[in-house]
Amino acid sequence: MTDLRGARRHLAAVLAPVLALAPAAARADDTQLWATAILQGPIEPGKGVKPMVWIEVQPRLANDVSQLNPMIARTGFGVRIGPDFNALFGYHFQRNAPRGGRVTSEHRMWQQLLLPIYRDPDRLIVTTRLRLEQRTIESAQDLGWRARALVRVQAPLKGEGSAGPLLWSEALVGLNDTDWGQQSGVRQIRAFVGALVPVHPRLNFEGGYMAQIERNRGDHRVNHVANLTLNWRLGD
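With mature numbering (1 follows the signal peptide of the UniProt record, and there is no 0) as the guide, the letters of the sequence shown map in order to residues -28 to -1, 1 to 208.
Shown next as structure tokens:
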């Protein structure tokens, strides 16, 4: 417990300059668990450009890991152009059930590019993911546009396909204001530190700590998240 408190104090010190940019207001940190299962990869075997699929389920436990909120299901289709290089589009469903708030259903269309920045499978892999989302809430009128940019660094310790540290950071940017609450600007930053561990030649486990910084007009918060992912890869 002492080590955990020390780690959180250290994280707070690192994030202090970022948080200082937000307006001073009520701060309500939360402890959460995000569990993700992904099935993704080319439908056909072989090299070159291949059709691919993405299927994802992600339950999140919020309010000190006591309440399911939200529940997410995401599907996508596209093409795999090469290692760490693909283009996808798809549909996202999300059920939001905030404590003390109104239950809503969110529907999104999304488009995504995964691009390699640096690739040495034996030592270091750096990629970026660019995603554009069109968000709607049932019973609301406005369409919310949001852009997301993620940079991911993976360092296998014993050559290609081995376990090693994993770092990534993502910025979520609202492109317009909506009647259901989306605000324009950089409204969320996520920073993850953990490890990638192969469980099977096609199955990887990713686990670690993520700081989710949420910034809204008049308030901000930092959620402390245990982020766990199982990723099953199809094809080569």
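Cβ coordinates follow ideal geometry from the N, Cα and C atoms, glycine included.
- By the C-beta density criterion, residue 199 is buried, having at least 16 other C-beta atoms within 10 angstroms.
- Secondary structure of residue 132 (DSSP, three-state): coil.
- Contact between residue 56 and residue 91 holds: their C-beta atoms lie close to 6 Å from each other, under 8 Å.
- In this structure, residue 60 places its C-beta atom within 9 Å of the C-beta atom of residue 86.
- Residue 144 sits away from residue 112, with the two beta carbons spaced by 9 Å or more.
- Straight through space, the alpha carbons of residue 180 and residue 37 are spaced by roughly 16 Å.
- Across the structure, residue 19 and residue 26 are spaced so that their CA atoms are roughly 18 Å apart.
- Residue 204 carries a strand assignment under DSSP once its states are collapsed to helix, strand and coil.
- Taken in chain order, the complete beta strand (DSSP E) segments of 3 residues or longer contained in the stretch 124 to 191 are 136 to 146, 157 to 172, 175 to 188.
- Residue 101 sits in a strand when the DSSP states are folded into three classes.
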